[in-house]
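In the working numbering, the protein residues as written are -17 to 1111.
Just below is one structure, and these are the notes that go with it.
Here it is, written out as structure tokens:
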């Protein structure tokens, strides 16, 4: 194999010895003296396994009753067992024995999601109390020894406590990955027959909210088993649905009822400890069952000898009494967080997946100045570590002072099967070095089934004798266990991985040989994904294959055969397939590429030959191997042609010619568009002199779509030439300073800032949507010096591997968001039809009129006093010295049921107070409630704590007034005005905060938010009638507009776009799938946006809130129970 030969040559360059500094950093001495001692112990584990493992089990574990038989059974019979007759408890071994000897020693050091939060520290004494109390709760819920408890929780200390509690009472825990969707969770619950599930109200990772309890509710909606009990841990405090299909109870309330010690249950060595689902080649995930003594010993021995762990080390494993470090969001807010955590926690061991290491390397290829003086081991697990990344870890991350370990561990093995031993084994980049104790590997020729002997060979990796930590069975399907691992090669355990062995006996893992792919350490069955796509309903046949990927190790490519071979919209169909996979399995399983083909290469027996599909994707069209068994050999050439056509129009396979074609749009090919210059209105100058950036995402990038966009922008400029213009100082300012006018741009300026740029930007696939404001993704610089002309609007199409992300920049003094919505609607019509008539698009004058703010027509007989604070909007891009002051952005959804409840309840009060009054009561609207809630919670988050003797500060609530603009009635504008109110933001009924607005709230409890809504509406109405005229009068008496900025430093700006439809259809470019306004450079902003296509009934439109606050304020806001903080991504 070519790949093997290339790797073998790399591996022949020699072994790298253990760094000399390893011993200098060591707290004592390694558990082994040298490599020779490893060789002797390994030989003993193979030749005398019973004696070896008996000694290890006796030395490493605490036994209640010692075993009387070390091992029985064989691979052939599948009845192998270890340490027969012995009894022990896994939780006692992990917690009690350390809590009894040193209760104050640190057990868990938990790094929270927010980087400026202090790590949570849990001692062994406290851990024992927490585990015991949860054990009492589980027993009170009826959990018995042998029952299966499902755990659907994020990476938090309580997840560890949950697993330990199950082990303590003899229950079998089944952890379900927190990224799985409701259908995937439901399938695992059904298979396990779980009666109890443990979860959280919401998870937080990377600053994003994950609605885990809601996922559980959706999973239980069609659950086939008995009614499930759900124990919910309160993490964010947000209201969560209480399910009809389960008995839901709060974790903290139940644990508070019970004492701090529960006697551990005595377990036999072969009693089940836990079950973990892993993907199999047949599609249905299989629940692998591990037993108590064997798995516990595997962890203890591999931790001791592979990782060289000692009591003073900081590491993730609690089994040996170490100080584990759990990190929730190590890449948030960026990958510098890894370096900061390693330094702050004084970590000695860093154990992670290659995907994380690749991302750290990408973000900081030259490393960091962070001092990692204690770090001595960097270990990788989950997938093979590329030699280039291994070399970077050794030379840059570890500064040639750490031992880099590429380890091989399967769910089935229960411990490391291959790995260098920390401080002992010389290493080779790209290899997993030598086998661990008890593992006797062999390489098999897949065709003949014979073992291949010698060195510099490759084959299918198998193991020839049992070891204690091997999984014992597949839950409720022992036949599948035997068929999967032992049937192919009698008497041998089949790993399913290909491997090669070099001349030094070092092994390299080549990847899966079956139909399982490994994406960022997640093993996924291609059959499961194929089955999911068949459920889509549009596809007759599906084939999924894995391909190498620089960032994730492997990625998925999907081949789809349509029913009746008919497709009307290829782009939307591919997008629908991706969305179906994300909804059914999870975002991590979304294919990188979707290809529509007329047929698949099948044998006469109907088996799909995925080998041929892989070779086509690899470009080996002339080396497909034997195709004689194909039912239709001609299908191969058909697929090659179809794949070629589609990949040339998708950026994931973009050719140099395609990239050249994209960049061609950055040059000016026509003369500037003439129009008559015009002055901006006075009130336009209250707004800050900045560009706002909007991002529209289209799935499935294509050259055809780019061409349609080019044509559309050209026609847009011809119809509305003022959009190409520049804002410059006015020549008719009437003695005022800072007045701007819009005038035509020169050819030179249009060449510098063209109306449309197109760029190949695959890096955007790895960037958070809140980080889109980076110069390489923008059509104009984020900051343009005030002395330079300001373009009104510019576009940039960023073509990624999977999408086109259109960046729209508009100068906010000349074009507000309403105007941009008009421009984009017009552009979408012109992309679909360049000859669109006036019935589809606005005329020049209408577009100009609609796109500008017109507040000057308001009249008032008695203008109100007006006092702006002179605090200009800040665009300081230098990092804040205090991390809590850094502005961050969050996308959340506001509970529509909550808004409706409050509106109806408040109106009930208003009606009761107006009873008998001849005047019709002035009822509050949903807009009033939204404004009150945003202002109430947002400003509460920003208020500083003041001494009791100091009078509470006023709360400044900027709001939106529908009457402010001469625009359609359904528009709630984004011109910003300030409302001052003296109410106390902290005065809220306790029932409202804790119980999420129960229906039993009485008039007294509702009176406070109701009065706020009424007060705000009155003040906003006053603004409409008189306050704006006061603004105008103040401006008319001033010589400069530059000082008229709102009070950004102490307020939340509320800008509502929720009635605007940005989910437009751009023809060949496709329909907008998502739009973003990532104002992460401006603190104190809240956008109210539609959460999906407006559709027919805009009154029932769901919407989302996008706050931008300083980090400390955001943390306070997220703790507020008035909001349902649900991530909208």
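Even glycine gets a Cβ: it sits at the ideal position worked out from N, Cα and C.
- The residues 197, 200, 201, in chain order, have a CB closer than 7 Å to that of residue 164 in the same chain once the five nearest residues on each side in sequence are set aside.
- Three or more Cβ pairs closer than 8 Å define a contact, and the stretch 445 to 457 falls short of that threshold against the stretch 361 to 371.
- Taken through DSSP and simplified to helix, strand or coil, residue 184 comes out as coil.
- Taking a 10 Å sphere around the C-beta of residue 418, we find 16 or more other C-beta atoms and assign the residue as buried.
- According to the DSSP assignment, residue 505 belongs to the beta strand (DSSP E) that extends over 504 to 507.
- Here residue 681 really is in contact with residue 785; their C-beta atoms are around 6 Å apart, less than 8 Å.
- Restricting attention to beta strand (DSSP E) runs no shorter than 3 residues, the stretch 516 to 546 encloses them at 521 to 531, 535 to 544, ordered along the chain.
- For the stretch 148 to 179, the full-length beta strand (DSSP E) segments reaching 3 residues or more read 154 to 157 along the chain.
- As a beta-bridge residue in DSSP terms, residue 476 pairs with 444.
- The Cβ-Cβ distance between residue 426 and residue 434 falls below 8 Å.
- Of 176, 65, 214, the smallest CA-CA separation from residue 185 is found for 214.
- Contact between the stretch -5 to 4 and the stretch 399 to 415 is present: 3 or more CB-CB pairs across the two stretches fall below 8 Å.
- Taken in chain order, the whole beta strand (DSSP E) runs of length 3 or more contained in the stretch 331 to 416 are 331 to 334, 359 to 362, 385 to 388, 398 to 400.
- DSSP places residue 674 within a strand segment (E or B) once states are collapsed to three.
- Collapsing the DSSP output to three states places residue 72 in a helix.
- The Cβ neighbour count for residue 233, taken over all protein chains shown within 10 Å, is at least 16; the residue is labelled buried.
- Residue 727 sits in coil when the DSSP states are folded into three classes, being neither helix nor strand.
- According to the DSSP assignment, residue 27 belongs to the alpha helix (DSSP H) that extends over 17 to 29.
- In the three-state DSSP reduction, residue 122 falls in the helix class (H, G or I).
- In the displayed model, residue 449 falls within coil according to three-state DSSP, outside both helix and strand.
- Per DSSP, residue 327 lies in no beta strand (DSSP E) and is assigned neither H nor E.
- The shortest CA-to-CA distance from residue 694 to any of 562, 809, 542 is the one to 809.
- With at least 16 other beta carbons inside 10 angstroms of its own, residue 399 counts as buried.
- Separation of the CB atoms of residue 156 and residue 117 is rounded to 17 Å, and the pair is thereby denied contact status at 8 Å.
- For residue 127, there is no enclosing beta strand (DSSP E), as DSSP gives it neither H nor E.
- Distance from the CA of residue 84 to the CA of residue 102, rounded to the nearest whole angstrom, comes to 19 Å.
- The residues 143, in chain order, have a CB closer than 6 Å to that of residue 112 in the same chain once the five nearest residues on each side in sequence are set aside.
- Going by beta carbons, residue 542 and residue 515 fall inside the 8 Å limit.
- Note that the stretch 403 to 411 touches the stretch 283 to 294; at least 3 beta-carbon pairs, one per stretch, sit closer than 8 Å.
- Residue environment analysis places residue 80 among the buried positions, since at least 16 neighbouring C-beta atoms fall within 10 angstroms of its C-beta.
- For the options 558, 471, 257, 613, the alpha carbon positioned closest to that of residue 1055 is the one of 558.
- Contact check for residue 511 and residue 526: beta-carbon distance about 5 Å, within the 8 Å limit, so the pair qualifies.
- Rounded to the nearest angstrom, the Cβ distance from residue 78 to residue 246 is 7 Å, consistent with a contact under 8 Å.
- Taking all protein chains in view, the Cβ of residue 576 is crowded by 16 or more other Cβ atoms within 10 Å, so the residue is classified as buried.
- A distance below 8 Å separates the beta carbons of residue 761 and residue 789.
- Residue environment: residue 47 is assigned as exposed (fewer than 16 neighbouring CB atoms within 10 Å of its CB, all protein chains considered).
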